[in-house]
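Right, dumping it as C-alpha cells:
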C-alpha cells in the first residue's frame, strides 16, 4: 500500500478515536462553565498536559526548527527567554485562580473597573495572540504535510481546520484540555524517538556539529547566532508574551485548586525550554545534511522525507497531535472572548445558557474560516507568533502587571487602563511604521508612561481629597 495512503489512514484512526472520546466527554460535561473554564476542576496532570500542548505547536516544530536551521542554538535562547517569561505567573496564579475569572478582560475589569471603551480595547488586544496562534498552526501543518505528501498546502490547511472543530465543539475548554493531555503524551513519546532518529541519520552529535557553521553551532556563542537585534526583540516581545496569552490564563482558571495551577505553570516553563532544545537539534541536523534548503521552515518536512516509512507515519501522527492541540486551544480562546465579553455583555445579556453554547459553536466555525484564509495568503509560521506577541505585549503587559502590583493602592481607574493600552499600541505602531526593528520597546515605554501619568494624577487627586476632608473635620471641631 502507498505510504501516503497509510499515513492518512493512521492519522484518521488516531483522530477518530480522540474525537469519539471528545464527544463522550462533551455529553457528560455540559454547561457554560465547562465550555469556558473546564468546570474549574482539571487535575494537575491534565493541567500540565494542556499547558504544555498549548505552548507547543507549529511555532516549535516548524518555525523554531527553521530558526535552528538558519541560526543554530538561537532557538534554545528563544526557549530560555520564554521560560523566564513564565516567572510572573508563579506569583499571580493563586490570585488568578481564586478570583473566579473566565477571560483575560475579567482581570482588567477587576482592577480598573468597567467602562465600554476600556472593554473594547482589552477585547481586541486579547484576541491578537490566540488568533495569531490559530494561523501559525494552520501554516505549520500545511508546510509539513505538503512537503511529505505532495498535496497542495491550501488544501491541507482547509482539511485540518475542519477536523480541528471536532475537538472544540463538544465541550469547549473541557474537551480541549483532556484531548490536549492525550496529545501531550503523544508529543513526548514522538519527540524522544525523533531525537534519536535525528542523531542516527546525522551520524552522531559530533558529526552534526562539525558539518554546520561554527558561528551557529558552537556553544555558547551559537546562542546568539540569530543576532542581538532579534534577541532583543525576543526579550521585549516574546519573553513576556505568554503574560498576554489568554489561553494560559484560562488554564489557570480551570485548575482544581490554586496550588496545582502554580505547579503546572512551573513545570510547563521547564518543558517548553526542553522542547526548544529538541527544535535546535532537529534544525541543526537538517542543516548538516542539506545546507541548501530554499525555505528554512521546510526543514521539518525535509527531515521526515529522509526517515523510514514507519517513522514518517509515526512522527506525522505526533505532528498532527501537536498542532491540533494548539489550534483547538486557540480557537476556544478566541470564541470565549467573542461570546462572553462581546455577545453576552453587550449584545444579548439575557441569552439562555444552552443558546449561548450554540452561538459559541457557530462562532468557532466563523473564526476558523477567517484564520484559514489568513494562513493561505500569509504563510509564515514564526512570523505570526512574534508579531502577535509584540502588539499584545505592547497593549496588555503593563496594564496587567502594573495593575496586579498596584491593585490595592486605590490609584487605578478606567482612564489609567485606557491610557496605558492606547499609548502602548500607538507607540509600537508608530515605531513599526518608521522602521524600528525592536518596535515593541517603544510600545512598552509608552504604555508605562500612560499608566504612570494617570496613576500619579489619581494619587494627587486622592491626596487633595483627603486634605479637604481633614480641613473640613478640623473646621467643624473648631
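In this note's numbering, the protein residues as written are 252 to 729.
Note that the Cβ used here is the ideal one computed from N, Cα and C, for glycine as well.
Using only the alpha-carbon positions, how far apart do residue i and residue j sit?
i, j, result
"residue 669", "residue 358", "14 Å"
"residue 330", "residue 712", "44 Å"
"residue 543", "residue 709", "59 Å"
"residue 402", "residue 585", "29 Å"
"residue 552", "residue 398", "6 Å"
"residue 738", "residue 391", "Here the chain has residues from 252 to 729 only, and residue 738 is not among them."
"residue 619", "residue 582", "7 Å"
"residue 467", "residue 379", "32 Å"
"residue 555", "residue 534", "12 Å"
"residue 649", "residue 673", "12 Å"
"residue 527", "residue 603", "44 Å"
"residue 456", "residue 505", "41 Å"
"residue 336", "residue 688", "21 Å"
"residue 441", "residue 435", "10 Å"
"residue 676", "residue 360", "19 Å"
"residue 680", "residue 367", "23 Å"
"residue 469", "residue 307", "26 Å"
"residue 496", "residue 355", "8 Å"
"residue 317", "residue 365", "43 Å"
"residue 666", "residue 651", "14 Å"
"residue 275", "residue 549", "37 Å"
"residue 646", "residue 617", "25 Å"
"residue 299", "residue 263", "26 Å"
"residue 671", "residue 370", "13 Å"
"residue 691", "residue 478", "17 Å"
"residue 694", "residue 486", "14 Å"
"residue 444", "residue 573", "15 Å"
"residue 446", "residue 577", "21 Å"
"residue 594", "residue 465", "55 Å"
"residue 697", "residue 685", "16 Å"
"residue 707", "residue 612", "44 Å"
Answer with buried or exposed for residue i, where buried requires no fewer than 16 other C-beta atoms within 10 angstroms of its C-beta.
i, result
"residue 608", "buried"
"residue 413", "exposed"
"residue 473", "buried"
"residue 516", "buried"
"residue 437", "buried"
"residue 431", "buried"
"residue 579", "buried"
"residue 351", "exposed"
"residue 461", "exposed"
"residue 394", "buried"
"residue 537", "buried"
"residue 396", "buried"
"residue 381", "buried"
Per DSSP, which one or two residues make a beta bridge with residue i?
i, result
"residue 293", "506"
Can residue i be considered in contact with the ligand SAM, in the sense that its beta carbon sits closer than 7 Å to one or more heavy atoms?
i, result
"residue 259", "This structure lacks the ligand SAM, and indeed carries no ligand of any kind."
Quick check on the DSSP output: what are the complete beta strand (DSSP E) runs of length 3 or more inside the region 363-393, in order along the chain? Counting whole runs of 3 or more residues, the region 363-393 contains no beta strand (DSSP E) stretch at all.
Ordered list of alpha helix (DSSP H) runs contained in the region 300-336, each at least 4 residues: Runs of alpha helix (DSSP H) with 4 or more residues, each lying fully within the region 300-336, are found at 315-322, 325-336, listed in chain order.
The region 614-625 contacting the region 386-398, beta-carbon criterion three pairs below 8 Å: Cβ pair count under 8 Å is three or more, so yes.
Runs of alpha helix (DSSP H) lying entirely within the region 446-500, each at least 4 residues, in chain order: With a minimum length of 4 residues, the unbroken runs of alpha helix (DSSP H) contained wholly in the region 446-500 fall at 456-461, 465-468, 479-484.
Hey, is the region 365-379 in contact with the region 586-593, meaning 3+ C-beta pairs nearer than 8 Å? Cβ pair count under 8 Å is three or more, so yes.
Quick check on the DSSP output: what are the complete alpha helix (DSSP H) runs of length 4 or more inside the region 611-677, in order along the chain? Scanning the region 611-677 for uninterrupted alpha helix (DSSP H) segments of 4 residues or longer gives 632-657, listed from N- to C-terminal end.
Counting pairs of Cβ atoms below 8 Å between the region 637-650 and the region 485-495, do you hit three or more? Yes: at least three Cβ pairs fall under 8 Å.
For the region 660-668 against the region 445-454, are there 3 or more C-beta pairs whose distance is under 8 Å? When Cβ pairs closer than 8 Å are counted between the two stretches, the region 660-668 is seen not to touch the region 445-454, the count staying below three.
Does the contact criterion of 3 or more C-beta pairs under 8 Å hold for the region 335-349 versus the region 512-530? Counting Cβ pairs under 8 Å, three or more are found: they touch.
Inspect the CB distances between the region 562-569 and the region 313-329 and report whether three or more fall short of 8 Å. Contact fails: fewer than three Cβ-Cβ distances are below 8 Å.
So within the region 512-580, which uninterrupted alpha helix (DSSP H) runs reach at least 4 residues, ignoring any that extend past its ends? Within the region 512-580, the complete alpha helix (DSSP H) runs of at least 4 residues are 550-556.
Considering only residues of the region 681-717, which uninterrupted beta strand (DSSP E) runs meet the minimum length of 3 residues and lie entirely inside it, listed in chain order? DSSP runs (the beta strand (DSSP E)) wholly in the region 681-717: none.
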